[in-house]
């Protein structure tokens, strides 16, 4: 059973460009979470999605950031007009449901904004 | 609100030394508690968890006991190995409060030297 897949693993963008990060949850998981890890810090929650629905986006910046989890295909975290402060590791996690079940994390996408 | 306070590092130990990484939490209700480990260049892996007071989570020689009276979940290992070098994150989930995500501490970097 493949784990959570994220791609790309490393992404370099210039200021003002768009960044698209992809996450495929574990098989059978319909709940996806995105977290951001700034250098030398812990992970901070951004958004929680189920198929075709955003359930909680309380941790996501109001501007430039968006997320989706379509009926078919991976979850996408999209950052428009990137700035240097967006440089971070972005981790996706998935779970079977939203109860006490464990969240399984992907390897992360390391975004560098030049 | 929900939060996790974790012992700051870095921590450097000699092989076979005893490890303690302190973690305390603030939460409404009855959270579940977790320790995640992040090896260099990788995503987070669940190390152990406890879902109710007095539960002890254990894995790979690591242990942590859910202490409700002291709101703590300290990580211990009796004899560390070089391969334990990683960053350790304490986390909690409290879905009964309406929050579906994990709340992380800032992480503690452990380096074990031969």
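Protein chains in written order, with the working numbering: chain E, 7 to 120; chain C, 1465 to 1578. We treat Cβ as the ideally placed atom computed from N, Cα and C, and that holds for glycine.
Note on geometry: alpha-carbon atoms of residue 1578 of chain C and residue 61 of chain E lie some 47 Å from one another. Exclusion of the five residues before and after residue 1536 of chain C leaves 1488 as the residues of its chain whose Cβ lies within less than 6 Å of its Cβ.
From the listed residues E:59, E:28, E:102, the smallest Cα separation to residue 79 of chain E is found for E:28. With a cutoff of 8 Å on beta-carbon distance, residue 1550 of chain C and residue 1501 of chain C are scored as near each other. Look at residue 1546 of chain C here: in three-state DSSP terms it is helix. Per DSSP, reduced to three states, the secondary structure at residue 42 of chain E is strand. For residue 1521 of chain C, the uninterrupted beta strand (DSSP E) run begins and ends at 1520 to 1523, by DSSP.
For the options E:82, E:46, E:24, E:34, the alpha carbon positioned closest to that of residue 52 of chain E is the one of E:82. Secondary structure note for residue 62 of chain E: its beta strand (DSSP E) is the uninterrupted segment 59 to 62. Non-local beta-carbon contacts of residue 55 of chain E in its own chain, meaning distances under 7 Å to residues more than five positions away in sequence, involve 38, 61, 73, 75, 81 in chain order.
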